[in-house]
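These notes are about the structure you will find just below.
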DNA sequence: TGTCTGACTTCCT
DNA sequence: GAGGAAGCCAGAC
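In this note's numbering, the protein residues as written are 2 to 113.
Structural data, given as structure tokens:
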């Protein structure tokens, strides 16, 4: 893997998020060994806004709220993308977030 | 070159 | 139990 940068690592994890599943900034940050760098994950999402291979819409905050929706082109684009994958969104918040939550630390191999 | 901000989370009071 | 402050790091001005 060439993901040496923190940003690249974030992108790598985001790409592995299955369709119809979501994760949180903190989950990715913690998986990368920087639980308190969740803000950087959000910043990474902002930096990868132009990348189609990075499903930033599947990354939300700990409560399952689409805090980053305003960074998408359309006001509801983030919600539209999630609903298109079968994720129910109401009032900018993911329904059954606890069930749809995808933890990279649990799904991916942490032993690099 | 230095300071501030930012799509969050966690700990402490 | 609830609220506030600190921390992480890179990009922009």
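Note that the Cβ used here is the ideal one computed from N, Cα and C, for glycine as well.
Every value quoted in this text rests on a predicted model; they were computed, and no experiment measured them.
With three or more CB-CB distances shorter than 8 Å, the segment 14-23 counts as touching the segment 85-97.
92 is the residue among 81, 76, 74 and 92 whose C-alpha sits nearest the C-alpha of residue 64.
Annotation for residue 75: 81 place their beta carbon closer than 8 Å to its own, counting only its chain and skipping 5 residues before and after.
The continuous stretches of alpha helix (DSSP H) do not include residue 57, and DSSP gives it neither H nor E. Residue 102 sits in a strand when the DSSP states are folded into three classes. The C-beta distance from residue 109 to residue 12 rounds to 14 Å, too long to fall under 8 Å, and the pair is not in contact. Ranked by how close their Cα comes to the Cα of residue 106, the residues 30, 37, 70 and 95 have 30 in first place. Judged by DSSP secondary structure, residue 43 falls within the alpha helix (DSSP H) whose first and last residues are 39-48. DSSP places residue 88 outside both helix and strand once states are collapsed to three, so it counts as coil. At the C-beta level, residue 59 and residue 28 stay beyond 8 Å of one another.
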